[in-house]
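Asks: Just dropping this structure here.
Number of protein chains: 2
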Amino acid sequence: MPDHAPLELERFLPYRLSILSNTLSQAIAREYERRFGLGVTEWRVIAVLARYDGEGLAAREVAERTAMDKVAVSRAVARLAAAGRVIRRTHRGDRRRSVLRLSAKGWAIHDAVAPRARAHERDLLARLDADERAWLERILDKLAPARPPMKAHLTDR
Amino acid sequence: MPDHAPLELERFLPYRLSILSNTLSQAIAREYERRFGLGVTEWRVIAVLARYDGEGLAAREVAERTAMDKVAVSRAVARLAAAGRVIRRTHRGDRRRSVLRLSAKGWAIHDAVAPRARAHERDLLARLDADERAWLERILDKLAPARPPMKAHLTDR
DNA sequence: GCGTTATAGTTTCAAATGCAACCATTGGCA
DNA sequence: TGCCAATGGTTGCATTTGAAACTATAACGC
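Protein chains in written order, with my numbering: chain A, 484 to 640; chain B, 484 to 640.
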């Protein structure tokens with residue numbers, strides 16, 4: 484009989500990351516889910532629209548920035564627009580593209596949720612000491628490079 | 484006008500972890516999905532059954548070990564059993580409980596998939612140097628403690 | 001200019017997921 | 001013993017998700 488060398492799931496890196504990530508996301512999600520009827524996808528859309536405000540993003544750009552696929556973005560935006568949280572217009576000069584912006588209502592939600600999200604992050608990082616935080620930063624940069632901020636003039640002429 | 488202090492999604496820890504985790508899981512999942520028609524949930528069940536073999540786990544125990552809820556386990560096991568990949572019997576002495584074991588077919592899949600999973604992990608860790616790996620280990624232990632191996636005699640009398 | 005190809009975004013259908021209700025069995029305990 | 005609560009597991013239903021097909025518009029090549 485061969486020795487099967489079973490995988491030790493609980494030490495397996497992708498598994499542990501998955502658990503950690505789900506635990507965190509769910510904890511945060513619960514909050515704005517309950518208080519604003521806001522799903523994770525919708526929150527992400529709001530977050531990037533807030534960050535790259537003033538330019539009016541196309542859905543595709545939102546997709547790139549949120550790591551969601553275009554279908555997910557489309558649906559999230561549809562819900563947000565229906566709730567009057569984002570304003571969707573059509574790009575003049577390219578009528579395929581949409582131009583998305585937060586409405587006042589959208590901004591209000593952002594301003595309410597963002598601090599809580601940061602608080603969650605802070606709580607999480609509080610479990611680490613300064614060294615560990617620095618290393619984590621560095622390790623994440625290697626494993627999952629954060630994309631550089633978008634260049635406005637290249638994306639929306 | 485208030486300054487909105489937008490959340491920088493791409494530096495937000497839970498977000499980055501989520502991206503990383505999804506990227507990894509999907510990369511691995513694609514492989515056994517295509518080659519064995521095996522979903523993530525099913526693979527996880529196989530992994531824990533392999534690891535705690537010889538004891539015959541109850542579904543509830545599988546759920547604990549995989550961080551899946553009991554419904555997900557139930558369905559994964561149903562598919563696996565239907566495909567002849569796990570053997571499901573009833574616990575003598577407690578007829579509510581099931582006793583789950585890998586069949587030869589199940590073991591074959593495990594033995595085919597496990598090395599590839601490990602290879603993925605290796606590739607990932609290869610991007611880090613020894614220091615970084617050690618710190619990652621330590622950080623993960625703090626943020627998402629790996630549960631200690633199950634004590635056989637306590638769980639299956 | 002006209003046909004072809006590419007891109008933005010939406011819709012549709014199937015599969016995955018989650019939740020609550022449910023059935024069966026067991027364990028407590030009066 | 002005989003009830004009631006707790007546990008293991010499954011099922012039904014509603015929601016979410018993903019992949020591919022589809023619509024509309026724009027860009028390209030000749």
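Virtual Cβ for every residue (Gly too), placed ideally from N, Cα, C.
#1: Does DSSP put A/V560 in a helix, in a strand, or in coil?
#2: Whose Cβ in chain A lies nearer than 8 Å to the Cβ of B/K625?
#3: Assuming B/L583 and B/R571 are in contact, meaning their beta carbons sit under 8 Å apart, how far apart are those beta carbons, in whole angstroms?
#4: Could you tell me whether the Cβ of A/D536 comes closer than 9 Å to any Cβ of chain B?
#5: Cβ-heavy atom distance between B/L507 and the ligand SAM below 8 Å?
#6: Among B/H487, B/L507, B/F495, B/E491, which residue has its Cα nearest to the Cα of A/L608?
#7: Return the chain-ordered list of same chain residues with a C-beta closer than 8 Å to the C-beta of B/D536, the five sequence neighbours on each side being excluded.
#8: Using the beta-carbon count (16 or more within 10 Å), is A/P457 buried or exposed?
#9: To the nearest angstrom, report how far apart A/L532 and A/N505 are at their CA atoms.
#10: Below 9 Å between beta carbons: does that hold for B/L626 and A/R513?
#11: Within 10 angstroms of the Cβ of B/L637, are there 16 or more other Cβ atoms? Answer buried if so, exposed if not.
#12: Is the CB-CB distance between B/A550 and B/S581 below 9 Å?
#13: Does the segment 593-605 of chain B come close enough to the segment 615-624 of chain B to have 3 or more Cβ pairs within less than 8 Å?
#14: Starting from A/S501, follow the alpha helix (DSSP H) in both directions and report where the run begins and ends.
#15: Just reading off the beta strand (DSSP E) that A/L583 is part of, what are its end residues?
#16: At 7 Å on the CB atoms, spell out the chain A contacts of B/I502, in chain order.
#17: If we call anything under 9 Å between Cβ atoms a contact, is A/G589 one with A/R568?
#18: Within 9 Å of any Cβ in chain B, is that where the Cβ of A/V554 sits?
#19: So A/V523 packs on A/L563, CB below 8 Å; how close in whole Å?
#20: Give the DSSP-derived three-state secondary structure of B/R599 in the structure shown.
#21: Give me the Cβ distance between B/R530 and A/L490, rounded to the nearest whole Å; I'm assuming they're in contact under 8 Å.
#22: Report yes or no: is there a C-beta of chain A within less than 9 Å of the C-beta of B/K634?
#23: Counting contacts by CB-CB distance shorter than 9 Å, is B/Y515 in contact with chain A?
Replies: On the basis of the coordinates in this document:
#1: Position 77 of the first sequence, counted from the start, is the residue given in the question as residue 560 of chain A. In the structure shown, A/V560 falls within a helical segment according to DSSP collapsed to helix, strand and coil.
#2: What you label residue 625 of chain B is simply residue 142 of the second sequence in a count that begins at 1. By Cβ distance, chain A contributes R610, L611, E615.
#3: In the second sequence, counting from the first residue as 1, residue 583 of chain B sits at position 100. In the second sequence, counting from the first residue as 1, residue 571 of chain B sits at position 88. Yes, B/L583 and B/R571 are in contact; Cβ-Cβ is about 6 Å, under 8 Å.
#4: The residue given as residue 536 of chain A occupies position 53 in the first sequence. At least one chain B Cβ lies under 9 Å of A/D536.
#5: Within the structure as shown, the ligand SAM is missing, as the structure has no ligands at all.
#6: Position 125 of the first sequence holds residue 608 of chain A. The shortest CA-to-CA distance from A/L608 to any of B/H487, B/L507, B/F495, B/E491 is the one to B/F495.
#7: Start at 1 with the first residue of the second sequence, and residue 536 of chain B comes out as number 53. Apart from sequence neighbours up to five positions away, the residues of its chain that approach B/D536 with a beta-carbon distance below 8 Å are R584, L585, ordered along the chain.
#8: Here chain A comprises residues numbered 484 to 640, so residue 457 of chain A is not present and cannot be evaluated.
#9: Locating residue 532 of chain A in the first sequence gives position 49, counting from the first residue. Locating residue 505 of chain A in the first sequence gives position 22, counting from the first residue. Using only the alpha carbons, I get a separation of about 24 Å.
#10: Stepping through the second sequence from its first residue, residue 626 of chain B is reached at position 143. Stepping through the first sequence from its first residue, residue 513 of chain A is reached at position 30. No. Outside cutoff.
#11: If you number the second sequence from 1, residue 637 of chain B lands on position 154. Since pLDDT at B/L637 reaches only 32, below the 50 mark, its modelled position is unreliable, and no value is offered.
#12: Within the second sequence, numbered from 1, the residue matching residue 550 of chain B stands at position 67. Within the second sequence, numbered from 1, the residue matching residue 581 of chain B stands at position 98. Here B/A550 is not near B/S581, since their CB atoms are 9 Å or more apart.
#13: Result no; under three Cβ-Cβ pairs closer than 8 Å.
#14: Start at 1 with the first residue of the first sequence, and residue 501 of chain A comes out as number 18. Per DSSP, A/S501 is one residue of the alpha helix (DSSP H) stretching across 496-519.
#15: Sequence index remark: in the first sequence, residue 583 of chain A carries index 100 (1-based). 581-585 is the extent of the beta strand (DSSP E) around A/L583.
#16: Translated into the one-based positions of the second sequence, residue 502 of chain B becomes position 19. Annotation: Cβ neighbours of B/I502 in chain A (cutoff 7 Å, chain order): A550, A627.
#17: Numbered from 1 along the first sequence, position 106 holds the residue referred to as residue 589 of chain A. Numbered from 1 along the first sequence, position 85 holds the residue referred to as residue 568 of chain A. At the C-beta level, A/G589 and A/R568 come within 9 Å of one another.
#18: Your numbering for residue 554 of chain A matches position 71 in the first sequence. Answer no: the Cβ-Cβ gap between A/V554 and chain B never drops below 9 Å.
#19: Position 40 of the first sequence, counting from 1, holds the residue named residue 523 of chain A. Position 80 of the first sequence, counting from 1, holds the residue named residue 563 of chain A. At roughly 13 Å, the Cβ-Cβ gap does not stay under 8 Å, so A/V523 and A/L563 are not in contact.
#20: Locating residue 599 of chain B in the second sequence gives position 116, counting from the first residue. Helix at B/R599.
#21: In the second sequence, the residue the question calls residue 530 of chain B occupies position 47. In the first sequence, the residue the question calls residue 490 of chain A occupies position 7. Residue identity check: residue 530 of chain B is Ala in the sequence provided, not Arg. With a Cβ gap of about 5 Å, B/A530 and A/L490 count as contacting.
#22: Your numbering for residue 634 of chain B matches position 151 in the second sequence. Caution is warranted here: a pLDDT of 42 is assigned to B/K634, below 50, making its placement in the model unreliable, and the coordinate value is therefore given only provisionally. No, because no Cβ of chain A sits closer than 9 Å to the Cβ of B/K634.
#23: Numbered from its first residue, the second sequence carries residue 515 of chain B at position 32. By the rule that beta-carbons nearer than 9 Å mark a contact, B/Y515 does not touch chain A.
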